[in-house]
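One structure is given below, encoded as structure tokens.
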Amino acid sequence: MENTPTRLTEWGEGSGCGCKIAPAILDQILSSSGSFSQSDPNLLVGNSGKDDAAVYQVSEDLAVINTVDFFTPIVDDPFDFGRIAAANALSDVYAMGGKPIFANAILSWPVEKLAPELAAKVMEGAKAICKAAGIELAGGHSIAAKDPIFGLSVNGIVHPHKIKTNSGAKSGDLIYLTKQLGVGVLATALKRQKISEKDYMSLLDTACRLNSIGEILGNHEEVHAMTDVTGFGLLGHLIEMCEGAGLSAEIDLKKLPMIEGVQEYINQFIFPDNTYRNWNAYSAKTKGVVGMDLVKLCDPQTSGGLMLAVDPENKAWFEDSMKQQDQVIWEIGQFTDRNEFVVEVMP
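Sequence positions in the sequence shown follow our numbering and run 1397 to 1743.
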């Protein structure tokens, strides 16, 4: 009798960034905890906002970035799991306009049920991505537990005047994305064993691609704000940007870039359960969403792209700069003065 290959996605209900705590529950946890009050003036970015990483100033021209991100398996192959988890964690440093300098691994592994050799492959995948980012995987911490979990704590650096927060957008700024949407849908198709080989490769290509353009964007003054699109979906992270800046936004549904093949799975009702969790959290703040279009907006992304707020007066120069960097971008909408709804979706 042949051995059945281990399917990592069978471990845990959620997968990737889709296993995040629901937005409403997370707000309850953070708002009721007095331990997050902060008074250190050198802590430039902390828990007072909903940003991607913490930033601490150590000198006049140097600030340190720290972030941590981990999750349950999003794919079955342990090497690919490690690659995606590492790229996702590194993204938080890039989203602040920073440069990663080293990382530590976080590993939870059911050693009595899953072979240690599989965990070693996860580590190999993470090291491959760290090498691509030009950093070392310096160390880490591991525990024996019932669920496989992996991620990184990443340290980076940035000039204090070049930090990109998610709350710096201005009315009129154009909204750009640097990756297509649909990773959560494809991951669900994989978990249900419905995905084609071609679409699986699209999943890997998107989720393993580094958001290293963020380090370059830290030098672009016309980029007023930046965040990465992950577990709360495009809509959730756009609402965070709007509320942080006291603005609203209009997005063009037809301009949302979707990974090829994703719509076919949506038509079969193949998408993460947490898509509805995201919609329930953000629907009251949103206007213009019809039927299953909510999936495109609320699909929890893992290692998604960067979302940018760009000065419209610099549109041509910015787009040309991105072409010179071989960075594909999609313009999807615009920030506006605050309206009754935080986000309005145009058909």
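From the three backbone atoms N, C-alpha and C, an ideal C-beta is built for every residue, glycine too. Fair warning: this is a prediction, and the values are worked out from it, not measured in the lab.
Can you list, in chain order, the residues of its chain whose CB lies under 6 Å from that of residue i, leaving out five sequence neighbours each side?
i	result
P1668	G1414, G1580, T1584, P1696
K1683	F1737, E1740
F1498	I1531, E1532, A1534, N1551
Is the beta carbon of residue j closer than 8 Å to that of residue i?
i	j	result
P1496	K1542	no
K1692	M1637	no
D1748	A1449	Because the chain in this structure spans residues 1397 to 1743, residue 1748 falls outside the shown range and cannot be described.
S1563	G1640	yes
G1530	T1626	no
G1547	A1485	yes
G1552	D1595	no
A1481	C1526	no
Below 8 Å on the Cβ atoms is my guess for residue i versus residue j; work out the distance and round it to an integer in Å.
i	j	result
F1737	K1681	6 Å
T1732	A1603	Rounded, the Cβ-Cβ distance is 31 Å, inconsistent with contact.
K1357	T1468	There is simply no residue 1357 to check, as the chain begins at 1397 and stops at 1743 in what is shown.
P1556	A1705	At roughly 20 Å, the Cβ-Cβ gap does not stay under 8 Å, so P1556 and A1705 are not in contact.
L1606	A1522	Contact doesn't hold; Cβ gap of about 13 Å is too wide.
A1565	L1643	6 Å
W1726	Y1572	6 Å
D1648	M1519	Contact doesn't hold; Cβ gap of about 42 Å is too wide.
What does DSSP give as the partner residues of residue i in its beta bridges?
i	result
H1537	I1502
Y1452	L1439, V1460
Q1730	L1570, E1646
N1551	N1462, F1498
I1545	S1504
M1718	Paired residue(s): none; M1718 is not in a bridge.
M1622	L1704
K1683	E1740
L1577	M1654
Mark residue i as exposed unless 16 or more other C-beta atoms lie within 10 angstroms of its C-beta, in which case mark it buried.
i	result
V1619	buried
V1451	buried
I1728	buried
F1477	buried
K1446	buried
K1650	exposed
K1575	buried
V1554	buried
G1632	buried
Got a sec? Which residues, its chain only, sit under 8 Å from residue i by beta carbon, not counting five neighbours each side?
i	result
E1398	At E1398 the pLDDT is 35, less than 50, meaning the model places this residue with poor confidence; the figure from the coordinates comes in the next sentence. Excluding residues within five positions, none has a Cβ falling inside 8 Å.
H1537	N1500, A1501, I1502, L1503
Q1664	K1590
P1708	G1568, D1569, L1570, Q1730
V1454	N1438, V1460
Under 7 Å Cβ to Cβ from residue i, same chain only, skipping five residues before and after it: list those, please.
i	result
L1514	T1402, P1474
I1591	L1582, A1585
V1544	A quick correction: the sequence has Pro, not Val, at residue 1544. So the list reads L1404, W1407, T1468, P1469, S1504, W1505, P1506, L1510, once near-sequence residues are dropped.
G1610	Y1490, A1491, G1493, M1622, L1702
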